[in-house]
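With the first letter of the sequence shown counted as 1, position 281 gets the number 280 in numbering that gives the first Met the number 0; the numbers rise by one all the way through.
What follows is a set of notes on a single structure, which appears directly below.
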Amino acid sequence: MSDAPTAPTGESSPPRLPQRADVQGLRALAVGLVVLDHVGVSWLPGGFVGVDVFFVVSGYLISSLLLRELGTTGRVRIGAFYARRARRILPAATVVLALVTVASALRLPLARSAEVAHDVLWSTLFAANIHFARVGTDYFGADAPPSPVQHFWSLAVEEQFYLVWPATLALVGLLAVRVRGLRTLRVVTLIVAVAWALSLVWSVVLTGHDAIAAYFSTPARAWELATGTLLALFAQRLMRLPDAARLVLAPLGAVAIVVAAVAYGPQTPFPGWQALLPVLGTAAILAAGADGRAVGAARALTLRPVTWVGDISYSLYLWHWPVIVLGTRHVPGPFVAQVIVLIAISIALAAASYHVVEAPFRTPRRLWSTTPRALVLWPVAVALVLGTIAWSARHRDGVVADRTASAASFDPSSVPPDERAQRTGDRVHDLIAASLDRATVGGPIPFPIENDLTDLDADRPAYPQQCTALDEQSTAKICPMGDTSSDTLVVLLGDSHMQMWLPGVLAEAEKAGFEVVPIIKYGCPPADVPLKNLSQPGDPPYQACYDWRSWALEQIRRLDPDLVVMTSRAPPPGVIVPPGSTREEVWTEAVAQRARDLTEIAPRVVVAGDVSYLRRDPAACVGRQGTTMADCTTEVDPDSLAFMEATKRAAQSAGVAYADLNQLVCLDGKCPMVVDHAVTYHDGQHVSATWAAEVGPELGRLLQLP
């Protein structure tokens, strides 16, 4: 299609793109903002707008070349275009992805290593933005450690844009041959203008609805690249700008970019209309130098040290984030020293990458000078990265095998008798005691692990999402489970800390033959404690939670259960404490009152305490090479313990039974993360589905299940 001979358009083609040192300066500014933001420089919280600068510059440069080719030859050679892209982006990206995969396998815990390998796969296929949007990655402040290849999302956006844009130009070129008198560049301008407007509108709408999805979305970002394309389309007119206009445009553009970098931050809805500031600022600088001359303040962008950073900007962008993510914990010293060291390492790697990897491939040589040979770089790059991913998987298998052998060699008699945890004959108690014995002498973690360490956070109850009230929802579908033909009904009332016990409860329901109805809302304790909605600007009262509580009581009255079990996260975040009171007092009163409400509905009510917070990532600890049971055993969290006592007092005040569930994961003030080959938590606060199912009989006894 694209390489078929066609006639020239008959219109004046865009002028040859002048050599522009200021563009390299813009690249330096862009990568500098991104790097400083990522290392945590507090006065540039919006440094992420450097990516928007890159998008506009890329759209301008690539479109200028494509439009000139279309204007002079009447066609766009798509094969040649992707050959150039292969030489430009693949070598350095492939090296970074491969080395990050290897480094992660050697240095990171098993789960994180597997996650990184998965992220690398998506990045290799230039679909990282789709992947990170799908998993709900918060680029600015996720609790989980960030992926060292998370920044590849922007490359994915560009390549997805360039899947469509050259083909569009090629189709217009073919159409010009068949439609006499068609003004090709006018048609292209109309297409780009409409696409620009639609993309911007979508960006504003999606940002307001789902900012994380919008951040990674190609349709929501396409207008930024299209801004550069519009500049390329109007290049001839921009070249005729008077110097007076240039003198104003360049500094105004720079100010716009810097203001965005300083004023914006993690709480700024982005991209949306807010991205107009850095995008139009970049456009102003590009327009000011359209004829290749940098005038006035724009000359600062052409200084050799600045343009040198621009030269290595692509490699620096690729390298800086893995260095920060993987290297920060290994760089000692105060913050300023850390920043200097991390930036220096990033620049050194980028310079080496530019001269050894990037530049040689960008200069056509015999091996990859022709289009077919250069196109081979695409499958070769994918194959190389897939090879490192396969190696990392084998390496993880080897680590597990080694740790299993080490665990098998552990001799329980090596624990001094006077230091052994007491046994009582209770199965779970004694299993936890055995883990504490291992911890006492620094014994190995009892591999093999029953949970999937490569995806421990997924070790949650299998529960339909529509059966849970999420976010601003105040109702949900009622989903009977267990033996639904039984006349005995148990209602489980709470949040995710109630839901996490579902595997154990359902196992008992199947054995004893009773029906279970969970009534769950994440982040909302059923006790009538006043809460702030921390997910909303200004932390307003959590009205959706209040409404759900009323709805939940109505459903329980309608269901007429034989037993209601209530538990939730304690303490919950965002408790509103009146003057003269404490969180524990507010909590105790609210739990007691809700328990009294439930006794008016059901003949039996059990209030269960929460479990201790680990305040550590169990997957990271258990999966880290060389860790022992001593490393992966924590003290009971004092705050958690205080609220367990408050919950117990509330149950006693209401005259209902109290279930101490913390004894299923902790003993003698200590909480081992692994008990009998199972990781007990899937994150820092939720019991794993594997362990919840394992302790089903003991859980049933504590909750007084039928």
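Where is the CB? At the ideal position from N, CA and C, for every residue including glycine.
Exposed or buried, which one is residue i when buried takes at least 16 other CB atoms within 10 Å?
| i | result |
| --- | --- |
| residue 579 | exposed |
| residue 138 | Note on residue 138: pLDDT 45, under 50, position unreliable in the model; no value is reported. |
| residue 24 | buried |
| residue 378 | exposed |
| residue 288 | buried |
| residue 476 | exposed |
| residue 623 | buried |
| residue 369 | exposed |
| residue 575 | exposed |
| residue 304 | exposed |
| residue 391 | buried |
| residue 338 | buried |
| residue 702 | buried |
| residue 423 | exposed |
Is the beta carbon of residue j closer than 8 Å to that of residue i?
| i | j | result |
| --- | --- | --- |
| residue 99 | residue 356 | no |
| residue 92 | residue 53 | no |
| residue 187 | residue 168 | yes |
| residue 383 | residue 82 | no |
| residue 311 | residue 353 | yes |
| residue 117 | residue 455 | no |
| residue 249 | residue 295 | yes |
| residue 653 | residue 587 | no |
| residue 48 | residue 277 | yes |
| residue 112 | residue 402 | no |
| residue 230 | residue 191 | no |
| residue 437 | residue 672 | no |
| residue 264 | residue 207 | no |
| residue 65 | residue 56 | no |
| residue 709 | residue 252 | Lying outside 0 to 705, the shown extent of the chain, residue 709 is not represented and no answer is given. |
| residue 563 | residue 597 | yes |
| residue 262 | residue 63 | no |
| residue 144 | residue 80 | no |
Please report the straight-line C-alpha distance between residue i and residue j, rounded to a whole angstrom.
| i | j | result |
| --- | --- | --- |
| residue 334 | residue 129 | 33 Å |
| residue 350 | residue 86 | 18 Å |
| residue 691 | residue 659 | 14 Å |
| residue 542 | residue 331 | 45 Å |
| residue 376 | residue 159 | 18 Å |
| residue 407 | residue 444 | 10 Å |
| residue 469 | residue 386 | 40 Å |
| residue 239 | residue 290 | 8 Å |
| residue 404 | residue 495 | 36 Å |
| residue 155 | residue 343 | 27 Å |
| residue 221 | residue 273 | 15 Å |
| residue 133 | residue 43 | 28 Å |
| residue 488 | residue 670 | 33 Å |
| residue 119 | residue 530 | 40 Å |
| residue 688 | residue 498 | 10 Å |
| residue 560 | residue 492 | 12 Å |
| residue 96 | residue 314 | 12 Å |
| residue 209 | residue 535 | 13 Å |
| residue 538 | residue 577 | 16 Å |
| residue 490 | residue 125 | 47 Å |
| residue 19 | residue 149 | 30 Å |
| residue 668 | residue 309 | 56 Å |
| residue 152 | residue 213 | 12 Å |
| residue 41 | residue 545 | 37 Å |
Answer with yes or no whether the minimum CB distance from residue i to chain B is below 8 Å.
| i | result |
| --- | --- |
| residue 581 | Of the chains in the structure shown, none is chain B; there is only one protein chain. |
>> Counting beta carbon pairs with one atom in the region 610-617 and one in the region 505-521, are three or more of them shorter than 8 Å?
In response: no
> Does the region 660-676 touch the region 441-459, meaning 3 or more C-beta pairs lie closer than 8 Å?
Replying inline: yes
>> For the region 478-493 against the region 429-437, do three or more pairs of beta-carbon atoms, one drawn from each stretch, fall closer than 8 Å, so that the two count as touching?
In response: no
>> Report the start-end ranges of each alpha helix (DSSP H) in the region 314-357 that is 4 residues or longer and not cut off at the edges.
In response: 334-352
>> Just to confirm the assignment: which complete alpha helix (DSSP H) runs, minimum length 4, are found wholly within the region 460-503?
In response: 495-498
> Taking contact to mean at least 3 C-beta pairs separated by less than 8 Å, is the region 277-296 in contact with the region 254-266?
Replying inline: yes
> Which runs of the alpha helix (DSSP H) fall wholly inside the region 590-640 and span at least 4 residues, in chain order?
Replying inline: 617-622
> Quick one: any contact between the region 514-529 and the region 538-553, if contact means 3 or more CB pairs under 8 Å?
Replying inline: yes
>> Threshold first: 4 residues or longer. Then list the alpha helix (DSSP H) segments lying entirely within the region 510-587, N to C.
In response: 542-558
>> Could you tell me which whole alpha helix (DSSP H) segments of length 4 or greater appear in the region 161-210?
In response: 183-208
> With contact counted as at least three CB pairs below 8 Å, one residue from each stretch, are the region 313-323 and the region 336-349 in contact?
Replying inline: yes
>> Could you tell me which whole alpha helix (DSSP H) segments of length 4 or greater appear in the region 57-106?
In response: 77-106
>> Tell me whether the region 695-703 and the region 458-467 touch, counting them as touching only if at least three CB pairs, one residue from each stretch, are closer than 8 Å.
In response: no
>> Would the region 633-649 count as touching the region 601-608 if we require 3 or more Cβ pairs under 8 Å?
In response: yes
> Which ranges does the beta strand (DSSP E) cover as unbroken runs of at least 3 residues, wholly within the region 658-686, from first to last along the chain?
Replying inline: 669-671
> Quick one: complete alpha helix (DSSP H) runs, 4+ long, within the region 237-277?
Replying inline: 242-262
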